[in-house]
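Everything below concerns the one structure shown next.
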Amino acid sequence: MNKNTQVRVDLSFTRNLGNFESIKIGIGVDDFVRDGETVDDATERVYKFVEAKLISKTQEVEEELNGNK
């Protein structure tokens, strides 16, 4: 595999706030395929990272919206 091969994962979550308002949280990461990885392996690794960050940030925003922070 070419050491310069990149993968990119972008995920977003949109929450309807009511009254025609919404909030969108988006996270994306670019990374290179590492030694010994396939493109699929690298994509899965980056996806898991981005997914975990999106969940964490979504929970933070939910807490702020609910006045818990």
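The opening position of the sequence shown corresponds to residue 62 in our numbering, with each subsequent residue numbered one higher.
Backbone N, C-alpha and C define an ideal beta-carbon position, used for all residues, glycine too.
The structure presented is a predicted model; accordingly, all values stated were derived computationally and were not measured.
Roughly how many angstroms lie between the CA atoms of residue i and residue j, to the nearest whole one?
i           : j          : result
residue 112 : residue 72 : 7 Å
residue 132 : residue 83 : With the chain running from 62 to 130 in the structure shown, residue 132 is simply not present.
residue 66  : residue 98 : 11 Å
With 16 as the cutoff for other CB atoms within 10 Å, does residue i come out buried or exposed?
i           : result
residue 107 : buried
residue 126 : exposed
residue 115 : buried
In three-state terms, what does DSSP make of residue i?
i           : result
residue 75  : strand
residue 101 : helix
Would you kindly check if the distance between the Cβ of residue j and the Cβ of residue i is under 7 Å?
i          : j           : result
residue 70 : residue 100 : no
residue 92 : residue 68  : yes
I want to see whether chain C comes within less than 7 Å of residue i, judged by CB atoms only; does it?
i          : result
residue 77 : In summary, chain C is missing from the structure at hand, where a single protein chain is found.
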